[in-house]
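There are 2 protein chains.
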Amino acid sequence: MVDIATRVWNHRWKIDPIVRSLVDTDFYKLLMCQSVFRNKPDTQVTFSLINRSKSIRLAELIDEGELREQLDHIRSLSLTRGESTWLRGNMFYGKRQMFTPEFMEWFEALRLPPYHLEKRDGQYELTFEGKWPEVMLWEIPALAVLMELRGRAVLDHMGRFELQVLYARALTKLWEKIEHLRTIDGLRLADFGTRRRHSYLWQDKAVQALIEGLGNKFVGTSNCHIAMKRDIEAIGTNAHELPMVYAALADSDAELAQAPYQVMADWHEEHDGNLRIILPDTYGTPGFLERAPDWLAGWTGIRVDSGDPATGAETAIRWWHDRGEDPRDKLVIFSDGLDVDKIAELQAQFAGRVRVSFGWGTLLTNDFRGLTDGDALAPFSMVCKAVSANGRPTVKLSDNPEKAMGPEDQIARYKRVFGVGDQKRMEVVV
Amino acid sequence: MVDIATRVWNHRWKIDPIVRSLVDTDFYKLLMCQSVFRNKPDTQVTFSLINRSKSIRLAELIDEGELREQLDHIRSLSLTRGESTWLRGNMFYGKRQMFTPEFMEWFEALRLPPYHLEKRDGQYELTFEGKWPEVMLWEIPALAVLMELRGRAVLDHMGRFELQVLYARALTKLWEKIEHLRTIDGLRLADFGTRRRHSYLWQDKAVQALIEGLGNKFVGTSNCHIAMKRDIEAIGTNAHELPMVYAALADSDAELAQAPYQVMADWHEEHDGNLRIILPDTYGTPGFLERAPDWLAGWTGIRVDSGDPATGAETAIRWWHDRGEDPRDKLVIFSDGLDVDKIAELQAQFAGRVRVSFGWGTLLTNDFRGLTDGDALAPFSMVCKAVSANGRPTVKLSDNPEKAMGPEDQIARYKRVFGVGDQKRMEVVV
């Protein structure tokens, strides 16, 4: 029996929307949004798309009209009743009412603010300006739309069986990774792959594969919509945008030096347990830890998101030792450019010395490398970052100078203020 | 939207039938059936399942109740109006009304006769007795049911993603074969894989892959139901059961020696063009050709179905030369245990010297080798053959003694009558 009603319904879509929900975003975005909504609601911020992979000429691959349609569709979204119920009623990290009634009321009324789109030199200039808690929610859907539209441009030219075989190969590749991971004792791994995923459906499939293949070694997903749909844990804490904007708002070098700790202080007040995770690399991990107040050493763990991950973890372990904490009680979350071999290596190196966890991103949800001619579906390095706050440029130094951003004079100033010396350059794949 | 009606409908099936149509069978079965219906309608024949792969203990793998359910379901089938219309109205090999009104009326009224099933030594003894035109139609569905039930017994223990990955791997494997085949100039290839297919759906998928991947290098399928569904050519001519039964009916050695040519004479009267394909190996190819009447050299081509295929083709080419025919006008159809490398090799060796065509069977529709633990889904060598006719045992010698069958004294007699000497043993994989 052909289901005519479904067919008619499906054909009524004018476009095939890439992002269909405001909670199809990373959980930490909502946590940070609530924090910003409470602490810095009126800060004017600009987010901007940054394609680090210059050889991928997005404006030549993606039709501007289609991109606008997708972005316009996102602006038409608002929180559904079911999504609101899930956010209000769910237990996150063992805590109920993670989101306050004030925040939820604001979120329920929210529509995303306008975007600004231009083509330049084969790339899209895509920016979002407005109040921080509003524009910050553009980051994840904007990235997901661009990555998926670029994928669709390639898929459009493939035959029906070619498509089946493409996904068959991608699924096999994914499963072989999972078969490797399941052999790792004590593994704890979460999906962090929303922003640069191949597509929503593919991320959802990857999560289902992790559920079946890893059992309780899989601890959850950063994607709220998929966490809701698959009834699993939503995972995440905080990101670089907090210290970057706090730092940009500083009126003096002294305030600047304190800004990253002010972020942590605000967060400390709002959250405990697994949400107290330090992200130390925004202006260099060694200096950040060295100058950190003692109460920060009491936090649950640290997220290693740039530089050599083993070096980052060893730095953290030494720091906890120095501050009289037992590293074996501490959590280290690796989340930078991971794939199975690196995960196995880090687990072997650190299991037993600290509690280890992995946030597996793009190479979980978008490892289409080697599956098409000219590798046209390989993921690439694209971010969407806060580039200014109240008219001042933001700066990120990172533990890998390839990931640094900001005007040169400001980078120099930040390096001086945070005492950052030579850093090791590492290629950024995704 | 959930389609509740479809769901309810699907759940109403008491079993999941493996064979759902009387035309889910090989086209040559119907051609031969019409010939038998005309020439030997009352011959009493017994068909029997023969599992050449003794290590596969089918009676331990397949539940007897399930097997009976499937076979009983096949007995409930009759030709549908649409199937009858297709057989009556379609053009086969450029000819309309391939099937006579008398045959179609008989076929429309047909239900398959009873089966006899017993377990012995871990194997099933499955036999079909009755009038030749009726019991002969059991061969293909019986084999398909056994192969698919054995597969289901393995699949039942697999997780949802394991299943997805299994089919992803099988599809990738199939597509890589097709990508290899599409590079072969002048290739002409048909699907001959009904009897030992993984499943109906998988055979149908393989055919769709061939349509997309090979274009007009793919010339059709032996499966009538799939030919009808996909609107492509149904392919096939005749098989060993004709000479085997004709030979068993012979009342003297002299008649026996003539029996294979009598088959060809009856066929010659009924068919022309691409249907005049010699199958010479039943009692040894060299002797058959040597003693063949001259009119047989005028036939369109030859099918090489046992022994070393290159040797068989060279023998045929020499024979055509000797009989004053130009081999370049003749068709050689290779159909024994083919896979891509062998196809490429034979095409390279014979293209230009004869017209070459391939009937690709089990390693097209059931190459699940290497995809499961213990290779539990690998295809194996199982046939369903006429073992007696009017109370006399049948004999097959073949060009490969591994494929010979019949009582020993009769094999000796046939070897003497047909002048078959030493033969080369070749492993039978599928």
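Chain order of the listed sequences is A and B.
Using our numbering, read the first sequence as starting at 66 and increasing by one per residue.
Using our numbering, read the second sequence as starting at 66 and increasing by one per residue.
Glycine is no exception: its CB is placed at the ideal position from the N, C-alpha and C atoms.
Residue i vs residue j beta-carbon contact at 7 Å
i      : j      : result
L340/A : Y158/A : yes
A451/B : L314/B : no
S400/B : D370/B : yes
R253/A : G278/A : no
V495/A : T427/A : yes
N303/B : Y93/B  : yes
R295/A : V272/A : yes
I297/B : G285/B : yes
R262/B : N116/B : no
K522/A : A124/A : There is simply no residue 522/A to check, as chain A begins at 66 and stops at 495 in what is shown.
L87/B  : L132/B : no
M470/B : K461/B : yes
I342/B : R368/B : yes
L436/B : A235/B : yes
F112/B : V219/B : no
C449/A : L175/A : no
F433/B : I121/B : no
G372/B : D464/B : yes
L114/A : L191/A : yes
G424/A : F257/A : yes
R153/A : M163/A : no
V73/A  : K242/A : no
A381/A : Q414/A : no
I205/A : R140/A : no
First and last residue of the uninterrupted alpha helix (DSSP H) at residue i
i      : result
Q188/B : Counting along the chain, Q188/B falls outside any alpha helix (DSSP H), though it belongs to the beta strand (DSSP E) covering 188-196.
I205/B : 204-220
T427/A : 427-430
L307/A : 306-313
S100/A : 92-104
A477/B : 473-483
K294/A : 289-295
M329/A : 318-335
V230/B : 225-246
Run of the beta strand (DSSP E) containing residue i, from where it starts to where it stops
i      : result
K270/B : K270/B -> not in any beta strand (DSSP E); alpha helix (DSSP H) instead, spanning 265-279.
H181/A : 180-185
R366/A : Reading the sequence as shown, one finds Gly at residue 366/A and not Arg. Residues 366-369.
G285/B : 283-286
L254/A : 254-256
S453/B : 447-454
Under 7 Å (Cβ pairs) to chain A, residues found in the stretch 222-240 of chain B
Contact residues of the stretch 222-240 of chain B toward chain A are G224, R225, F226, Q229, V230, A233, R234, L236, T237, W240 (C-beta to C-beta distance below 7 Å).
What are the complete alpha helix (DSSP H) segments, minimum 4 residues, inside the stretch 112-178 of chain A?
If we require 4 residues or more, the alpha helix (DSSP H) runs fully inside the stretch 112-178 of chain A come out as 123-126, 129-140, 146-154, 166-174.
Please identify, using Cβ separations under 8 Å, the residues of the stretch 262-282 of chain B that lie next to chain A, in order along the chain.
The residues in question are Q273, A274, E277, G278.
Inspect the CB distances between the stretch 206-218 of chain B and the stretch 126-140 of chain B and report whether three or more fall short of 8 Å.
Verdict: yes, contact present.
Return the chain-ordered ranges of every alpha helix (DSSP H) run that is complete within the stretch 349-409 of chain A and spans a minimum of 4 residues.
Contiguous alpha helix (DSSP H) elements confined to the stretch 349-409 of chain A occur at 350-355, 359-362, 374-387, taking only those with 4 or more residues.
Decide if the stretch 79-99 of chain A is in contact with the stretch 178-187 of chain A; the criterion is three or more beta carbon pairs, one per stretch, under 8 Å apart.
The stretch 79-99 of chain A vs the stretch 178-187 of chain A: no contact.
Taking contact to mean 3 or more Cβ pairs, one atom from each stretch, closer than 8 Å, check whether the stretch 343-350 of chain B and the stretch 482-491 of chain B are in contact.
Judged by Cβ distances under 8 Å, the stretch 343-350 of chain B makes contact with the stretch 482-491 of chain B, as three or more pairs qualify.
Inter-stretch contact at 8 Å, needing at least 3 Cβ pairs: the stretch 350-367 of chain B / the stretch 378-389 of chain B:
Under the 8 Å Cβ criterion, the stretch 350-367 of chain B counts as touching the stretch 378-389 of chain B, having at least three qualifying pairs.
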